[in-house]
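Below you'll find the structure, written out as structure tokens, and then a few comments.
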Amino acid sequence: MEAPQEPVRRDCQALSEYVQVVCPEAGEGGGGVSPAELALTEWARMPIPAPTVRTAPPRQSGGLVGLPEWFWVTNWPPLSGRAAARNVWVEVTARPQSMTIAPGPGETVVRCSGPGTAYDKTRSAASQRTDCSYTFARSSLREPGQAYRVRVTVLWGGTWRASDGSGGALPPLSRSTTFRLRVAEAQALYG
278 MEAPQEPVRR DCQALSEYVQ VVCPEAGEGG GGVSPAELAL TEWARMPIPA
328 PTVRTAPPRQ SGGLVGLPEW FWVTNWPPLS GRAAARNVWV EVTARPQSMT
378 IAPGPGETVV RCSGPGTAYD KTRSAASQRT DCSYTFARSS LREPGQAYRV
428 RVTVLWGGTW RASDGSGGAL PPLSRSTTFR LRVAEAQALY G
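Counting in this note's numbering, the sequence shown runs from 278 upward without gaps.
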């Protein structure tokens with residue numbers, strides 16, 4: 278029967294699934310915290326926010342069938358944090374990588390490589406472009422509460438560097454926001 282691994286070694290090997298780390302040999306023990314462990318602890322504590330999403334037309338007024346609904350995230354800047362234990366410090370940086378818009382059940386998911394483009398109501402619609410929009414083909418009248426339930430998710434990537442020169446990537450994290458969006462069908466009037 279194999280002897281159980283020491284806790285420090287077992288924890289270190291579990292960490293190696295996520296970050297590049299050199300684990301102590303069996304019997305070395307060592308009660309210190311490795312830079313990789315410190316980086317993961319700081320990563321778990323990072324105050325990564327849920328996305329703050331704006332739309333055009335604004336959610337309060339609702340969208341129209343056949344008219345692109347623009348989406349953009351206003352809280353997109355990178356975040357950083359620093360932690361220290363004994364003689365080791367690590368700096369962790371989180372950066373938003375991409376945004377996913379799930380417009381509702383049965384609708385096509387939209388993936389955007391950035392935060393989207395803010396709609397500028399002082400400019401003409403024809404002079405503006407975005408890669409983060411969705412055009413609804415039907416109204417939300419038959420949806421629960423007569424509104425689509427839209428979910429916007431931002432994927433965050435993380436990196437770390439330590440005082441001993443080590444560093445690497447951290448496992449990705451995501452944060453989401455869900456909101457209701459009414460979409461109406463425009464009626465043409467003929468006289």
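For each residue, glycine too, the CB sits at the ideal point set by N, CA and C.
Which residues in the same chain have their Cβ closer than 7 Å to the Cβ of residue 462, if we skip the five residues on either side of it in sequence?
So the qualifying residues of the chain are 342 and 416.
Buried or exposed: where does residue 313 fall if 16 or more other Cβ atoms within 10 Å of its Cβ makes it buried?
buried
Only counting the same chain, and skipping five residues up and downstream in sequence, which positions put a Cβ closer than 8 Å to that of residue 326?
352 and 452
Report yes if the CB atom of residue 422 is closer than 8 Å to the CB atom of residue 457, and no otherwise.
yes
If you draw a straight line from the C-alpha of residue 445 to the C-alpha of residue 437, how long is it?
5 Å
Pop quiz: residue 339 and residue 460 are said to be a contact at Cβ under 8 Å. What is the actual Cβ separation, rounded to whole angstroms?
6 Å
Under 8 Å, do residue 345 and residue 371 count as touching if we go by C-beta distance?
no
In whole angstroms, give me the CA-to-CA distance for residue 377 and residue 383.
15 Å
Just to confirm before moving on: does the CB-CB distance between residue 373 and residue 431 stay below 8 Å?
Yes. Within cutoff.
Look at residue 405 and residue 396 and say whether their C-beta atoms are less than 8 Å apart.
yes
Should residue 386 go down as buried or exposed, given a rule of 16 or more other Cβ atoms within 10 Å for buried?
Exposed, since its Cβ has fewer than 16 Cβ neighbours within 10 Å.
Have a look at the DSSP bridge pairing and note the partners of residue 359.
368
What is the C-beta distance between residue 409 and residue 347, in whole angstroms, given that I count them as a contact (C-beta under 8 Å)?
7 Å
From which residue to which residue does the alpha helix (DSSP H) around residue 400 run?
Neither: residue 400 is in no alpha helix (DSSP H) and is coded neither H nor E.
Whole angstroms are fine: how far does the CA of residue 350 sit from the CA of residue 449?
18 Å
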